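In what follows, a structure is listed as structure tokens, so that the remarks can point back to it.
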Amino acid sequence: MEVMTSYKPCRWNSSLSAPRYKTQYSQATSEPESMLALKQIEVTSQKLAQCAVLCVRLAIEIGLFDNLPPSAPFTLHDLIQSVGTDPEFTGRIVRALATLNIFEEVDDGTFRQTALSQEWGNKFMQSYTRYLWDSVIRAMSQYDDFFNTISFVSPYDLMSSPYTFSKGVRNIDSFSLVQQDPKAAKTLNEAMTKDEVLLVDIGGGKGQSIQSIISTYPDIKGWFILQDLRAVSAMGEVVCPSGVDAQPYNFFKQVQPIRGAAAYLLKLALDNWSEAECRTILRNLAPAMRGYNSKLLICEIVLTDSQPDLQKVLYDINMSFVAGKERSLKQWCSLRGYWVPN
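Using full-length UniProt numbering, you'd call the opening residue of the sequence shown number 1 and step up by one each time.
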């Protein structure tokens with residue numbers, strides 16, 4: 001029987017997995033044997049996956065991705081001179097990044113950027129990685145303790161989530177807690193994107209989505225409004241062009257003040273909240289809409305009702321740390337059924 005060869009373990013996975021499974025994969029004589037070895041490679045790779053994230057996090061912290069030549073080769077010595085850190089330690093981090101295919105090693109001690117390293121040169125991706133490591137992964141280290149305290153049920157209390165548990169506090173929701181830490185709040189906000197109002201971006205952080213729309217369609221006509229919590233608005237540094245109106249808005253406590261916009265955008269906002277909170281958000285939005293002339297744009301992950309994508313399922317587990325969830329198509333339809341626009 002011909003062995004399946006169309007899908008092979010990537011270098012990242014295979015480099016972190018047990019050698020015996022790689023041998024089993026290379027010596028497989030049937031598709032079932034090949035698939036079994038591949039699954040074992042993927043599982044064992046996860047043992048050290050956090051070390052890969054750690055290497056990227058450390059590289060960001062010391063400025064390793066900043067000011068690299070776009071295509072020309074650079075040496076380890078160049079990097080050490082640029083960041084001014086300990087040569088031996090920097091060499092270990094760079095070696096790991098090259099093994100993870102984040103840098104391409106073109107010669108002994110000489111490297112070139114890849115699409116991945118260029119991506120992490122982006123300030124948005126740097127902030128996202130900081131947030132992932134500093135807030136999410138650290139909180140995950142206490143997941144077992146948290147779920148023991150609630151007898152292993154899905155978290156539903158916004159005032160008692162895995163994140164708040166990891167911080168040792170109660171009676172406060174995760175997002176209010178983040179806002180109490182200026183550094184964490186800044187990192188989270190950076191990791192988020194004619195006179196007629198064209199679009200109201202609700203909970204839009206620093207305006208990355210509006211910036212993307214205007215950059216893609218520079219001749220678009222209409223007024224853009226960016227809304228988020230007062231604490232977010234007060235931080236400044238909005239990335240969208242001048243002329244975009246940034247205003248504070250709390251979608252739990254206020255009815256939407258901008259009436260009759262062509263579109264209202266909720267991007268990666270509803271997955272942070274339970275059904276009850278989502279219904280409150282939508283109820284506060286509904287009175288502002290003008291029938292069929294206003295559209296609600298919900299940009300979220302949708303899980304298929306059967307055999308959902310693994311990455312999306314893991315996103316759902318990740319969202320549980322703030323008592324949120326990713327939803328299936330049936331769950332989105334059920335949620336939508338609670339809201340009828342005027």
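Beta carbons are placed, not taken as given, at the ideal position from N, Cα and C, and that holds for glycine. Quantities reported herein were computed from a predicted structural model and do not represent experimental measurements.
*Going along the chain, which residues of its own chain have a beta-carbon closer than 6 Å to the beta-carbon of residue 62, five neighbours each way excluded?*
For residue 62, where only same-chain residues beyond five positions count, the Cβ hits under 6 Å are 83, 85.
*Do the stretch 192-211 and the stretch 134-143 touch if we need at least three Cβ pairs shorter than 8 Å?*
Cβ pair count under 8 Å is below three, so no.
*asked:* Please identify the residue among 29, 293, 121 whose C-alpha is closest to the C-alpha of residue 70.
replied: 121
*Indicate whether residue 176 and residue 320 have their beta-carbon atoms separated by less than 8 Å.*
no
_residue 102 to residue 114 span [Cα, whole Å]_ = 6 Å
*Give a yes or no on whether the C-beta atoms belonging to residue 210 and residue 203 are separated by under 8 Å.*
no
_Option nearest residue 127 by Cα separation, candidates 72, 165, 226, 188_ = 188
_Residues that DSSP places opposite residue 315 in a beta bridge_ = In DSSP, residue 315 forms no bridge with anything.
*To the nearest whole angstrom, what separates the beta carbons of residue 132 and residue 53, a pair I think is in contact under 8 Å?*
7 Å
*asked:* Just to confirm the assignment, what range does the alpha helix (DSSP H) spanning residue 240 have?
replied: For residue 240, no alpha helix (DSSP H) run applies, since DSSP gives it neither H nor E.
*Going by C-alpha distance, which of 313, 306, 278 is nearest residue 337?*
It is 278 whose Cα lies nearest to the Cα of residue 337.
*How is the alpha helix (DSSP H) around residue 144 delimited, first residue to last?*
For residue 144, the enclosing alpha helix (DSSP H) stretches over residues 143-149.
*Between the Cα of residue 244 and those of 270, 323, 224, 26, spot the shortest distance and give me the residue it belongs to.*
224
*What whole-angstrom Cβ distance do residue 161 and residue 174 have, given they're in contact under 8 Å?*
Between residue 174 and residue 161 the Cβ distance is about 5 Å, and since that is below 8 Å, they are a contact.
*residue 230 by DSSP, collapsed to three states: which one?*
helix
*So residue 303 packs on residue 328, CB below 8 Å; how close in whole Å?*
4 Å
*Beta carbon of residue 64, beta carbon of residue 93: below 8 Å?*
Yes; because the gap between Cβ atoms is below 8 Å, this pair is in contact.
*Could you check the C-alpha separation between residue 324 and residue 66 for me, to the nearest Å?*
Distance between the alpha carbons of residue 324 and residue 66: 34 Å.
_Going by DSSP in three states, residue 213 sits in which element: helix, strand or coil?_
helix
*asked:* Taking the beta carbon of residue 226 as the centre, do at least 16 other beta carbons fall within 10 Å, making it buried, or is it exposed?
replied: Around the beta-carbon of residue 226, 16 or more other beta-carbon atoms lie within 10 Å, marking it buried.
_On the CB-based measure, 16 or more other CB atoms within 10 Å of its CB, does residue 166 come out buried or exposed?_
buried
*asked:* Output needed for residue 76: all residues of its chain with C-beta closer than 7 Å, excluding positions within five of it in sequence on either side, in chain order.
replied: 91, 94, 109
*Look up residue 133 in the DSSP assignment and say whether it is helix, strand or coil.*
helix
*Hey, which unbroken runs of the beta strand (DSSP E) at 3 residues or more fall wholly within the UniProt domain "O-methyltransferase dimerisation" (55-118)?*
As far as the UniProt domain "O-methyltransferase dimerisation" (55-118) is concerned, its whole beta strand (DSSP E) runs of at least 3 residues are 103-107, 110-113.
*Relative to the C-alpha of residue 348, which residue among 308, 307, 285, 305 is closest?*
This structure does not reach residue 348, given that the chain is present from 1 up to 342, and the question cannot be answered.
*Applying the criterion that 16 or more other CB atoms from any shown protein chain within 10 Å of the CB defines a buried residue, is residue 294 buried or exposed?*
buried
*Measuring CA to CA, which of 32, 72, 267, 129 is closest to residue 184?*
129
_Expected contact under 8 Å - CB spacing of residue 275 and residue 301 to nearest Å_ = That belief does not hold up - the Cβ atoms of residue 275 and residue 301 are roughly 16 Å apart, past 8 Å.
*Just curious, the alpha helix (DSSP H) that residue 178 is in, first and last residue?*
Annotation: the continuous alpha helix (DSSP H) that includes residue 178 extends over 174-179.
*Whole angstroms is fine: what's the gap from residue 254's alpha carbon to residue 106's?*
57 Å
*Which residues mark the beginning and the end of the alpha helix (DSSP H) in which residue 281 is found?*
275-285
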